[in-house]
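Take the sequence shown: its position 93, counting from 1, is numbered 92 in numbering that gives the first Met the number 0, and each next residue is one higher.
Report on one structure; see the data block that follows.
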Amino acid sequence: MDAGAKTTTTVEMTEAAAKRIARIVAAEPGKTALRVAVEGGGCSGFSYRFDLVDGRNDDDVAIEKDGATLLIDDLSLVYMGGSVVDFVDDLMGQSFQIRNPNAVASCGCGTSFSI
0 MDAGAKTTTT VEMTEAAAKR IARIVAAEPG KTALRVAVEG GGCSGFSYRF
50 DLVDGRNDDD VAIEKDGATL LIDDLSLVYM GGSVVDFVDD LMGQSFQIRN
100 PNAVASCGCG TSFSI
């Protein structure tokens with residue numbers, strides 16, 4: 000990477016995603032946030048994992064909006080910097096979707112990507 004290149008280490012959450020996260024967490028006793036993590040695997044090399052959690056880890060970055068909390072660990076943030084987490088409800092169904100500017104390819108299901 001060019002030493003002068005600017006890297007974005009933030010992730011945004013849309014209003015639709017925040018509303019959905021808040022509803023899901025409210026319905027799950029003891030859970031406080033949705034964690035998004037990047038892990039190896041999937042049909043394109045990396046995949047996203049979504050988990051409801053009851054607390055934060057020391058290396059978590061918290062994105063908060065409209066009463067919802069999204070947690071991303073430092074390592075996953077390297078792959079997700081500049082992304083937007085959205086919740087989509089359309090004819091294909093309901094799902095969280097991540098628009099990741101770092102991904103050079105993604106699979107048809109939208110849950111895995113390559114860099």
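Beta carbons: idealized from backbone N, C-alpha and C, even for Gly.
On a predicted model such as this, the values are computed, not experimentally measured, just so you know.
Q) How close, in whole Å, do the beta carbons of A17 and K64 come, if the pair is a contact with beta carbons under 8 Å? A) Counting from one through the sequence shown, the residue named residue 17 turns up at place 18. Counting from one through the sequence shown, the residue named residue 64 turns up at place 65. The C-beta distance from A17 to K64 rounds to 4 Å, short enough to fall under 8 Å.
Q: List the whole-angstrom C-beta distance separating L70 from R55, where the pair is believed to meet the contact cut-off of C-beta under 8 Å.
A: The sequence position of residue 70 within the sequence shown is 71, counting from 1. The sequence position of residue 55 within the sequence shown is 56, counting from 1. R55 and L70 do touch by the CB rule: their CB atoms are close to 6 Å apart, below 8 Å.
**Q.** Start-end ranges of the alpha helix (DSSP H) lying completely within the region 18-51, minimum 4 residues
**A.** Restricting attention to alpha helix (DSSP H) runs no shorter than 4 residues, the region 18-51 encloses none.
Q) Helix, strand or coil for M79 per DSSP? A) Walking along the sequence shown from the start, residue 79 turns up at place 80. Looking at M79 - three-state DSSP - the assignment turns out to be helix.
Q. Looking at the C-beta of I23, does it have a partner C-beta in chain C at a distance below 8 Å?
A. The structure shown contains no chain C; it is built from a single protein chain.
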